[in-house]
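Novice:
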Amino acid sequence: KAGVTQTPRYLIKTRGQQVTLSCSPISGHRSVSWYQQTPGQGLQFLFEYFSETQRNKGNFPGRFSGRQFSNSRSEMNVSTLELGDSALYLCASSLGGLTSSYNEQFFGPGTRLTVL
Amino acid sequence: DAKTTQPTSMDCAEGRAANLPCNHSTISGNEYVYWYRQIHSQGPQYIIHGLKNNETNEMASLIITEDRKSSTLILPHATLRDTAVYYCIVRGPMIYNQGGKLIFGQGTELSVKP
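So the sequences go chain by chain: A and B. Residues in the first sequence are numbered consecutively from 31, following my numbering. Residues in the second sequence are numbered consecutively from -14, following my numbering.
#1: Can you tell me the Cβ-Cβ gap for A/G138 and A/Q36, rounded? I've got them flagged as a contact below 8 angstroms.
#2: Where in the segment 65 to 134 of chain A do unbroken runs of the beta strand (DSSP E), each at least 3 residues long, occur, reported from the N-terminal end onward?
#3: Report the residue from B/G35, B/E40 and B/R66 whose alpha carbon sits nearest the alpha carbon of B/G77.
#4: Output needed in chain order: residues of the segment 69 to 86 of chain A with a Cβ under 8 angstroms from some Cβ in chain B.
#5: At the level of alpha carbons, what is the spacing between A/L120 and A/S130?
#6: Exposed or buried, B/K86, counting other C-beta atoms within 10 Å across all chains shown (16 or more means buried)?
#7: Buried or exposed for A/Y40, please, with buried defined as at least 16 other CB atoms from any protein chain shown within 10 angstroms of its CB.
#8: What is the DSSP secondary structure of A/R142, reduced to helix, strand or coil?
#9: What does the alpha-carbon distance come out to for the pair A/L118 and A/T141?
#10: Beta carbons nearer than 9 angstroms to chain A: which residues of the segment 19 to 39 of chain B have them?
#11: Considering just the uninterrupted stretch of the beta strand (DSSP E) at B/I59, what are its terminal residues?
#12: Could you give the DSSP three-state label for B/R66: helix, strand or coil?
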């Protein structure tokens, strides 16, 4: 079974630009979560999508947005990039059903975004 | 979700057991303990989870104290490839949190040395 894939793996942008990152979940998984990892703040939850609907949201400004398509693939967008948005962006997929007692998440390799 | 406390770093000799502790004194009765690890610059990898009973899989064992206020992840024969940051996370059932949000702490940086 193929794992979670993220594209692109590396990206360099300048301040003020916008960026779109893509995540393809494991086949059959309906939940996709996004995380930002920086040396200062560690791993922080951005948002989660399930069946094309945002189900959970972290504490990030509105410049960070996402969406999920009917095939469960997800994109996240960051508008008006700031230097502090430089980070490793990780997505994770899971089955995601609310009737589950637990939820094992499978992470992709991440997209390394550098903002100059 | 309950807060967890882990040591910042630990060393372990190759071939020996690595015992990584985690305190979660405010854990609720229906909250699970999850362990993930992150090898440098890769995405986190799920290791194991448990509720009350001790658990074992091909990667590790999870020992949860009877009062559930702490747990220990055991890597029985650590190798150099086990060098990573290990995260202990506590969260409730899916319906409890309305989804799959994970709250990561700072984790324990485990260095396995030859």
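Idealized CB from N, CA, C, for every residue including glycine.
Specialist: On the basis of the coordinates in this document:
#1: 4 angstroms
#2: 72 to 80, 83 to 87, 94 to 98, 104 to 108 and 117 to 124
#3: B/G35
#4: G72, L73, Q74, F75, E78, F80, R85 and N86
#5: 23 angstroms
#6: buried
#7: exposed
#8: strand
#9: 6 angstroms
#10: Y19, Y21, Q23, S26, Q27, G28, P29, Q30, Y31, H34 and L36
#11: S55 to L60
#12: helix
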